[in-house]
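Engineer: Here it is, the structure in full.
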Amino acid sequence: DAEDDKKDEL
Amino acid sequence: MNIFRIAGDMSHVASIAILLLKMKTSRNCAGVSLKTQELYALVFLTRYVDLLFTNPLRSPLTMYNTIMKILFISTSLYIVYQMRTRYKHTYNEAADAFRVPFLIGPAAVAALLFHLKNTVVEVVWAFSIFLEAVAIMPQLFLLQKTGEVENITGHYIFALGAYRGLYALNWVWRAFWEPGYRQWLTWTAGIVQTGLYADFFYHYIRSKRQGKKLKLP
């Protein structure tokens, strides 16, 4: 899940 | 979250609100490209597949993103639905003639070539990034065919352009303040997209000044 923190834009 | 990101999201929401208000108050969708709206619906549906496996309560940012993602998917589908039913008789179907496969095809090829991880979700996500970069093209094509930009359609595209420009500033900000924050794929697609808007506004302002019809190269 930590990796997905990078994709925190819309 | 920085000021550019939040302002960018707000202009994105504003662009959608402008479009919906225009259709509701004028009871028509003349000058609006259904093809662009359908592409945006496809962009959001493919971008936000992660809604299915993300717990919105994970963090305040996740909560915010979840609400926005649901808002973008639902409003884009609602716009398409309205254009296909209530406002169908006012839609310039013949002029909205941009060939969408010319956008979807290359976006799909680009996504197969460039993605972050070898999973279906990641390829679909990359596809949405590439498709968003060019999804405005049918709308610009329609404007140039009809030759005139209604004020409200101009405002819609202006709000969308502001969203793109503010996102680019957000990236500059993050690259500066967040060590290790690098998003080459998003950045490349985003810069292409911002360029499309910049080009449109250049011609839009020029045609307004000269009182001539809009002509895009």
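Chains as they are written, first to last, in the numbering used here: chain A, 181 to 190; chain B, 1277 to 1493. Backbone N, C-alpha and C fix where the C-beta goes; we use that ideal spot for every residue, glycine too.
Apart from the five residues just before and just after SER1404 of chain B, which ones in its own chain have a Cβ nearer than 6 Å to its Cβ?
Structural biologist: For SER1404 of chain B, where only same-chain residues beyond five positions count, the Cβ hits under 6 Å are VAL1319, THR1322 and ARG1323.
Engineer: Would you please verify whether the beta carbon of MET1344 of chain B is less than 7 Å from any beta carbon of chain A?
Structural biologist: Output row for MET1344 of chain B: interface = yes.
Engineer: Please confirm whether LEU1337 of chain B has its beta-carbon closer than 7 Å to some beta-carbon of chain A.
Structural biologist: LEU1337 of chain B counts as touching chain A.
Engineer: Chain A partners of ASP1285 of chain B, CB-CB under 7 Å?
Structural biologist: In chain order: LEU190.
Engineer: For GLN1415 of chain B, which of helix, strand or coil comes out of DSSP?
Structural biologist: Looking at GLN1415 of chain B - three-state DSSP - the assignment turns out to be helix.
Engineer: Let me know the alpha helix (DSSP H) ranges lying completely inside the stretch 1407 to 1481 of chain B, each 4 residues or longer, listed in chain order.
Structural biologist: Within the stretch 1407 to 1481 of chain B, the complete alpha helix (DSSP H) runs of at least 4 residues are 1413 to 1422 and 1427 to 1453.
Engineer: Three-state secondary structure (DSSP) at GLY1284 of chain B?
Structural biologist: DSSP places GLY1284 of chain B in helix when its eight states are reduced to three.
Engineer: With DSSP collapsed to three states, give me the class of GLU1398 of chain B.
Structural biologist: Helix at GLU1398 of chain B.
Engineer: Report yes if the C-beta distance between THR1312 of chain B and GLN1415 of chain B is below 7 Å; otherwise report no.
Structural biologist: Cβ atoms of THR1312 of chain B and GLN1415 of chain B: closer than 7 Å.
Engineer: For ASN1341 of chain B, which three-state DSSP category applies?
Structural biologist: Correct three-state label for ASN1341 of chain B: helix.
Engineer: Buried or exposed, going by whether 16 or more other CB atoms sit within 10 Å of the CB of SER1335 of chain B?
Structural biologist: By the 10 Å Cβ count, SER1335 of chain B comes out exposed.
Engineer: Between which two residues does the alpha helix (DSSP H) holding ALA1317 of chain B run?
Structural biologist: Looking at the DSSP string, the run of the alpha helix (DSSP H) that includes ALA1317 of chain B is 1310 to 1323.
Engineer: What residues from chain A crowd round ASN1368 of chain B, counting only those whose CB sits closer than 7 Å?
Structural biologist: Those do not exist, as ASN1368 of chain B stays about 30 Å from chain A at its closest Cβ, beyond 7 Å.
Engineer: Rounded to the nearest angstrom, how far is the Cβ of LYS1345 of chain B from that of GLY1423 of chain B, given a contact under 8 Å?
Structural biologist: 36 Å between Cβ atoms; not a contact.
Engineer: How close, in whole Å, do the beta carbons of ILE1294 of chain B and ILE1428 of chain B come, if the pair is a contact with beta carbons under 8 Å?
Structural biologist: Confirmed, Cβ separation roughly 7 Å.
Engineer: Determine the chain A residues that contact ASN1341 of chain B at a beta-carbon separation under 9 Å, and present them in chain order.
Structural biologist: Neighbours of ASN1341 of chain B on chain A, chain order: ASP188, GLU189 and LEU190.
Engineer: At the 7 Å Cβ level, is PHE1280 of chain B part of the contact set with chain A, yes or no?
Structural biologist: It does not; no Cβ of chain A falls within 7 Å.
Engineer: Hey, ALA1383 of chain B and PHE1406 of chain B are a contact pair by Cβ (cut 8 Å); roughly how many whole angstroms apart?
Structural biologist: With 8 Å as the limit, ALA1383 of chain B and PHE1406 of chain B qualify as a contact, their Cβ atoms being about 4 Å apart.
Engineer: Please classify ASP181 of chain A: is it buried, with 16 or more other beta-carbons within 10 angstroms of its beta-carbon, or exposed?
Structural biologist: Caution applies to ASP181 of chain A, whose pLDDT of 43 falls short of 50 and renders its modelled position unreliable; the value that the coordinates give is listed next. ASP181 of chain A comes out exposed.
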